[in-house]
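Going down the list, the sequences are from chains L and H.
All letters in the first sequence, in the order written, are residues 1 to 377 by the UniProt record's numbering.
All letters in the second sequence, in the order written, are residues 1 to 458 by the UniProt record's numbering.
What follows is a single structure, written as structure tokens, with notes after it.
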Amino acid sequence: MTYLDAILLLCFRLFNGDRSRSAIFHLISGKKTSQTIQDAHLYGAHDFFQIYPHLSRKSFDQSCERLIMNKYLIEFQEQRWRVSEDGENALDAYFKNHPFPFYLKGWLYHDRATIFWKRLLLLSQSLSNYIHQENRFFPVQRDPDIQHWVKHTFLNWKDDRRKNTKKLYLELTKIFMKNKFPDHPDYIVQQMTGFQLIGQTPRQLADHFKTDESEVHIRFLNTLHYILTEIQDKNTYPILNSIQKDITQKEFVLTVSTEKTLRYIQQFYTIEKIAQIRNLKTSTIEDHIIEIALMVQTFSIEPYVELSLQDEIWLAANSIRNKRMKEIKDLVPRASFFQIRLVLVSKGRTDNKWKIPYLNTLDSGLSERVKKKSSKV
Amino acid sequence: MLPTGSGKSLCYQLPSYILHAQVLIVSPLLSLMQDQVEQIKIRGEKKVIALNSFLSFKEKKQALKNLQHYKFIFISPEMLNLAEISEALSSCSIRLFVVDEAHCISQWGPDFRPDYLQLGAIKEKLGSPVTLALTATATVKIRADICQSLKMASPDEWVYSVNRPNIALKVEQLSSFQEKIHTLKQFIETLSSPGIVYFSSKKLADELAEEMNQTTAKKISSYHAGLEQDQRILIQQQFLTDQLDWIFATSAFGMGVNKENIRTIIHFHLPSSMEAFVQEIGRAGRDGEKSLSILLYLSKDEQITTNLLELERPSLRQISEFEKIKHTASGLKEIEEKTGLSEVQNRVLHYYAKIETNHSNWAGHVNQLILKRMVEKKRKIDQMVTYVTTDNCRRQLIVRCFDETNSIIQPFCCDQCGFPLESYIGSLGSEQRKVITWQNRLASIFKENENDGWTKDY
Ligand SMILES: [Zn+2]
Chain L
1 MTYLDAILLL CFRLFNGDRS RSAIFHLISG KKTSQTIQDA HLYGAHDFFQ IYPHLSRKSF
61 DQSCERLIMN KYLIEFQEQR WRVSEDGENA LDAYFKNHPF PFYLKGWLYH DRATIFWKRL
121 LLLSQSLSNY IHQENRFFPV QRDPDIQHWV KHTFLNWKDD RRKNTKKLYL ELTKIFMKNK
181 FPDHPDYIVQ QMTGFQLIGQ TPRQLADHFK TDESEVHIRF LNTLHYILTE IQDKNTYPIL
241 NSIQKDITQK EFVLTVSTEK TLRYIQQFYT IEKIAQIRNL KTSTIEDHII EIALMVQTFS
301 IEPYVELSLQ DEIWLAANSI RNKRMKEIKD LVPRASFFQI RLVLVSKGRT DNKWKIPYLN
361 TLDSGLSERV KKKSSKV
Chain H
1 MLPTGSGKSL CYQLPSYILH AQVLIVSPLL SLMQDQVEQI KIRGEKKVIA LNSFLSFKEK
61 KQALKNLQHY KFIFISPEML NLAEISEALS SCSIRLFVVD EAHCISQWGP DFRPDYLQLG
121 AIKEKLGSPV TLALTATATV KIRADICQSL KMASPDEWVY SVNRPNIALK VEQLSSFQEK
181 IHTLKQFIET LSSPGIVYFS SKKLADELAE EMNQTTAKKI SSYHAGLEQD QRILIQQQFL
241 TDQLDWIFAT SAFGMGVNKE NIRTIIHFHL PSSMEAFVQE IGRAGRDGEK SLSILLYLSK
301 DEQITTNLLE LERPSLRQIS EFEKIKHTAS GLKEIEEKTG LSEVQNRVLH YYAKIETNHS
361 NWAGHVNQLI LKRMVEKKRK IDQMVTYVTT DNCRRQLIVR CFDETNSIIQ PFCCDQCGFP
421 LESYIGSLGS EQRKVITWQN RLASIFKENE NDGWTKDY
């Protein structure tokens, strides 16, 4: 089993046959559509959002075929899959020997992590060349926005460059040495580039650690997300924090069409009225509202579902195992499907159920053991 | 016509500074363009821009608004078609028009790019500035094509010999695929590196690179267009800084890579033409030191190369389908999805749709034209087979292919003339570059490992 296989099993477990295989592909490759974003929150799978941004459909399908062939997945309806008993056992066995990615926060960090990492790579390369008195080098990042930010920071620091280089070094060392640091720092440090010392690619790291690229990627991402969480403490990590402090406001990215709908909502138009003006179906406007509820933490769903109905729906949802909308509807007939979805997504924003079965391994020191084992090459 | 890597870019950079002239450079490969731009930027020149599909909408708009302020404008041929681009270009005063890899213009060349054919018209629209066509490999026929397409009446031609005396030539005939792999491994372990092994299959390059990286003492990585850009940059830089011994690559690797000390080029598959072959081995020995080209040949290898060519050819059914939907489809992508054409095939058919009009049976006619091109391409493969099977001097054969008549007699020529392979053996026991611990790596990056003064300042 590859790490990707294991992640897919976790997703299949969460979706429990309510969604097609494609939904899982869109989730982990990070397709930004209302449907995918809704699924992510409805099923408590938002932490997996865009964790494999470069995954090809082909590799995804190959991975699924492997799981089916091993009978880890069973097709209980056409094109609907659930994790089998064997699958559950295989998953448990897998995470006894591989670190579980507790710190993944795909939905919260996907954009921020990418930008932070690219900036950190290019900033380190620039500072490294600077303190080695070399001012010509090939940048390892070609993204103009990243280059612009690094150039700006570099110029801004002017007289503090050496001091800040040292600080950056000390902050990185401090975070890597933390007891709670979830994995081997190699997954971060070996990818970094300095003066005449070019970073390793994930593939080369996989070769080195004798594992597969999908494992290297998630172990890297897990540590990166851990770092992002830690450095929100800007007194302890002023430099690292400054690398990402301006990215925060980009958190709520709405699709263009949803953005338009939001403007009408802010002017207190009703769903029907907006649909009429925009010449769209009311169901489309409802999808937009769901998307907004997901994105904007402060968005109140009360205008669409009164408080007592919200409670009723949430109670019903928790009384059945799978949050299947039809079953909830049977229990609360007076609620519409739109209202049910709206309540589920707004309450699902803090759902952590995917990692609950593994929490015991976090404290038992197992991850420490796994860490040691795989770092010995 | 200049050998690969002999500083072609100087031919337009220098005049630009002397004449204070704005230069437009048409470049066919995105990765190559990025490298060229980075190389100019590294020199400290900031007024350089690459107009290609990597630019976001916002960046493109910004760049076009300020186009007249750039000294060097790199552009991909397909971008030249866009109305907004030609409008922006007309506001500039382009005084030097450069066509890089100009052999792409020729139908008979191995890398024919239909987009290149309109360059003549574009040049006239720009007011016919001085034109410089650059290529590393071109026969007389291709050179004639270039002059005609670019409307160059009586151009000055500088043609350098394709012969690179410091590169010895060898063909290794093998009797099975297993033996081929075994032989490759032996060469990798013994011959001088850095080196490149060329494959025509990404998958094989990946698999063998992984296997040999683990089972030999050499550091090996694969490189091809299937890798993400970040990874491609890292691997290229590792190779340039001698952190890698060998690159297992497809033909995507090499253009724009300025590395002087490449010692050995191995071809695992038969190249598709002598032009491609000469260009690829020409990446060795730019420092003038003794270097080596080895081609591994298994009888019927030409069949693999021919099959790849056949795969490139659109079927008559696809051509007809293309004809039917080309006016109603909303874009290139839709045509590709509906007909199963590749991007390149699609571009070729668009080109034929433009120039071959008034045919009652268009699809049949175009199919014939494409078949004719195939015949020509197969002839080129046959040329490579002759190179492999000849009993005579291989160097002499190469220069004849490029219509050069000089006769060459030199030491370390080719395996037919005889040369000692031992003199190309690399220093044994090349120290294995281990992955250092993260603590040491971090300390090296931030120069915390040595107490050399600056830490005291702090
Ligand atoms: Zn000879």
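Quick reminder that beta carbons are idealized off the backbone N, C-alpha and C, glycines included.
Predicted model only: the values in this text are computed from it and were never measured.
- When distances are taken from the beta-carbon of residue 416 of chain H to the heavy atoms of ligand 1, the shortest one is below 8 Å.
- Taking 9 Å as the threshold, the shortest C-beta distance from residue 132 of chain L to chain H falls below it.
- Judged by DSSP secondary structure, residue 289 of chain H falls outside any alpha helix (DSSP H); it is assigned neither H nor E.
- Against residue 198 of chain L, the close residues of chain H are 234, 237, 238, 241 and 243, in the order they occur along the chain (beta-carbon pairs closer than 7 Å).
- If you compare the alpha carbons of H/241, H/130 and H/349 with that of residue 115 of chain H, the shortest gap goes to H/349.
- Chain H has a Cβ within less than 9 Å of the Cβ of residue 203 of chain L.
- Distances from the CB of residue 400 of chain H to the heavy atoms of ligand 1 are all 8 Å or more.
- Per DSSP, reduced to three states, the secondary structure at residue 30 of chain L is coil, with no helix or strand assignment.
- Taken in chain order, the complete alpha helix (DSSP H) segments of 4 residues or longer contained in the UniProt domain "Helicase Helix-turn-helix" (257-344) of chain L are 271-278, 282-295, 307-319 and 325-331.
- With a cutoff of 8 Å, residue 21 of chain L does not count as near ligand 1, since its C-beta is closer than that to no heavy atom of the ligand.
- Residue 340 of chain H and residue 366 of chain H have their alpha carbons spaced roughly 17 Å apart.
- Per the Cβ contact rule, the segment 284-304 of chain H is not in contact with the segment 217-225 of chain H (fewer than 3 Cβ pairs under 8 Å).
- Following the DSSP letters along the chain, one finds residue 142 of chain H in no beta strand (DSSP E) but inside the alpha helix (DSSP H) bounded by residues 140-149.
- In this structure, residue 119 of chain L has its beta carbon at no less than 8 Å from each heavy atom of ligand 1.
- Judged by DSSP in its simplified three-state form, residue 77 of chain L adopts strand.
- Nearest CB-CB separation between residue 226 of chain L and chain H: not below the 9 Å threshold.
- DSSP places residue 61 of chain H within a helical segment (H, G or I) once states are collapsed to three.
- Cβ neighbours of residue 155 of chain H within its own chain (closer than 7 Å, five residues either side excluded): 147.
- Relative to ligand 1, residue 169 of chain H has its C-beta within less than 8 Å of a heavy atom.
- Here residue 44 of chain L is buried: its Cβ has 16 or more other Cβ atoms, across all protein chains shown, within 10 Å.
- Between the alpha carbons of residue 76 of chain H and residue 113 of chain H lies a distance of about 11 Å.
- Here residue 246 of chain H is bridged, per DSSP, to H/195 and H/220.
- Counting every other CB atom within 10 Å of its CB across the protein chains shown gives residue 141 of chain H a total below 16, marking it as exposed.
- Residue 164 of chain H has its Cβ no nearer than 8 Å to any heavy atom of ligand 1.
- Within the segment 254-308 of chain H, the complete beta strand (DSSP E) segments at least 3 residues long are 264-267 and 291-298, listed from N- to C-terminus.
- Here the segment 440-450 of chain H makes contact with the segment 127-145 of chain L; the two share three or more CB pairs at distances below 8 Å.
- About 11 Å separates the beta carbon of residue 260 of chain H from that of residue 242 of chain H, a gap too long to meet the 8 Å contact definition.
- The Cβ of residue 442 of chain H sits closer than 9 Å to at least one Cβ of chain L.
- In summary, residue 57 of chain H is exposed, with fewer than 16 beta-carbon neighbours lying within 10 Å of its beta-carbon over all protein chains present.
- Put simply, the CB of residue 445 of chain H is near chain L, with a gap under 9 Å to one of its CB atoms.
- Between residue 342 of chain L and residue 304 of chain L the beta-carbon gap is near 6 Å, inside 8 Å, which marks them as a contact.
- When the alpha-carbon of residue 124 of chain H is set against those of H/94, H/364 and H/326, the nearest one is in H/94.
- In this chain, the beta strand (DSSP E) harbouring residue 168 of chain H covers 167-174.
- Using a CB distance below 9 Å, no part of the UniProt domain "Helicase Helix-turn-helix" (257-344) of chain L faces chain H.
- The Cβ atoms of residue 170 of chain H and residue 415 of chain H lie closer than 9 Å to each other.
- For residue 229 of chain L, the enclosing alpha helix (DSSP H) begins and ends at 213-230.
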